[in-house]
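Note sheet for the following structure.
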Amino acid sequence: MAVVSGTNGSDFITPIFTSIGVSGTPTSGDDQINAGGGDDFIAGGAGNDVINGEAGIDTVAYSDATFAVNISLTAGTATGGGGSDSLISIENAIGSNLSDSLTGSSGSNALRGDGGNDTFFGTAGNDTLDGGAGNDDTANYSAFTTSVTLSALGVLNKGTALGTDTLIGIERIIGSASSLTDTIDL
1029 MAVVSGTNGS DFITPIFTSI GVSGTPTSGD DQINAGGGDD FIAGGAGNDV INGEAGIDTV
1089 AYSDATFAVN ISLTAGTATG GGGSDSLISI ENAIGSNLSD SLTGSSGSNA LRGDGGNDTF
1149 FGTAGNDTLD GGAGNDDTAN YSAFTTSVTL SALGVLNKGT ALGTDTLIGI ERIIGSASSL
1209 TDTIDL
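So this is what it looks like as structure tokens:
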């Protein structure tokens, strides 16, 4: 098992040891990645990794995954794509080029699907949901018990306590389970 630790600055951490000054090949094993302070970009690679963003606004990326991934920042997990990762103190996520599922946390998140037909589950917080290159990306709000309002500018209001989402490249929206009416302002 490799243990990789970042600095207190902004780090770009991948499982290629040459990026941190030690020659080697990409690790497909089970790794412990500690990003340190700063705003970090972390690509865990294959294997069952523990990825700890620590301080800062940190992004985990599965752009090189060869299988679709299911990323849940609420649960702190990412499965598929070559392993099952534990995510700690991760605020943002990037999926693969396949059809992924991305779920935010109660904080403000930036979730990007890259390619494929992705499904996003926005939660509380002011989130940015970016469908990326896919042509059938879905923002799913069916778990909400309050109504949602979508503006023509791609901003979805989830209510005062739940925040506002910015939707980019999203082709489908599944409304809330509220007995109230969801609104689309065109």
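Count along the sequence shown from 1, then add 1028; that gives the number in this note's numbering.
Every residue gets a Cβ at the ideal spot worked out from N, C-alpha and C, and that includes glycine.
These numbers were taken from a predicted model, which means no experiment stands behind them.
Enclosing beta strand (DSSP E) for residue i [first to last residue]
i, result
"ASN1185", "1183-1185"
"VAL1097", "1097-1100"
"ALA1167", "1166-1168"
"ILE1196", "1192-1196"
"PHE1148", "1147-1149"
"ALA1071", "Unbroken run through ALA1071: none, as it is neither H nor E."
"ASP1158", "1156-1158"
"THR1105", "1105-1108"
Nearest neighbour of residue i, chosen from the options [CA to CA]
i, options, result
"ASN1080", "THR1188, GLY1057, SER1136, GLY1065", "GLY1065"
"ASN1125", "ASN1145, ILE1196, THR1173", "ASN1145"
"GLN1060", "ILE1198, ASP1086, SER1091, ILE1116", "ILE1116"
"SER1129", "ALA1161, THR1156, ALA1096", "ALA1096"
"ALA1189", "SER1136, ILE1118, ASN1163, ALA1074", "SER1136"
"ILE1201", "GLY1187, GLY1084, SER1179", "SER1179"
"GLY1162", "LYS1186, GLY1197, SER1175", "GLY1197"
"ASP1058", "GLY1073, ASP1067, PHE1069", "GLY1073"
"SER1114", "VAL1176, VAL1088, GLY1160, SER1134", "VAL1088"
"LEU1101", "ALA1093, ASN1120, ALA1083", "ASN1120"
"ILE1099", "GLY1160, PHE1149, THR1192", "PHE1149"
"ASP1067", "THR1177, SER1170, VAL1176, ILE1118", "ILE1118"
"ASP1092", "ALA1063, GLY1143, VAL1078", "GLY1143"
Assumed close pair residue i, residue j - CB separation to whole angstroms, cut-off 8 Å
i, j, result
"SER1204", "PHE1172", "4 Å"
"GLY1132", "GLY1153", "6 Å"
"THR1151", "ASN1168", "Incorrect: roughly 11 Å between the Cβ atoms, too far for contact."
"ASP1123", "ASN1076", "Note on residue identity: the sequence assigns Gly, not Asp, to residue 1123. About 18 Å; that fails the 8 Å criterion."
"GLY1141", "ASP1155", "Contact doesn't hold; Cβ gap of about 13 Å is too wide."
"THR1174", "SER1206", "5 Å"
"THR1194", "ASN1185", "With 8 Å as the limit, THR1194 and ASN1185 do not qualify as a contact, their Cβ atoms being about 11 Å apart."
Assigned exposure category for residue i - 16 Cβ within 10 Å defines buried
i, result
"ILE1212", "exposed"
"MET1029", "With a pLDDT of 46 at MET1029, under the threshold of 50, the modelled position of that residue is not reliable, and the figure given next carries that caveat. Flag for MET1029 reads exposed."
"ALA1103", "exposed"
"LEU1139", "buried"
"ASP1086", "buried"
"ALA1071", "buried"
"GLU1199", "exposed"
"GLY1182", "exposed"
"THR1046", "Reliability of the predicted coordinates at THR1046 is poor, the pLDDT of 34 falling under 50, and no value is obtained from them."
"ALA1083", "exposed"
"THR1209", "exposed"
"THR1166", "buried"
"ASP1164", "exposed"
Any C-beta of chain B under 8 Å from that of residue i
i, result
"ASP1067", "Of the protein chains in the structure, only one exists, and it is not chain B."
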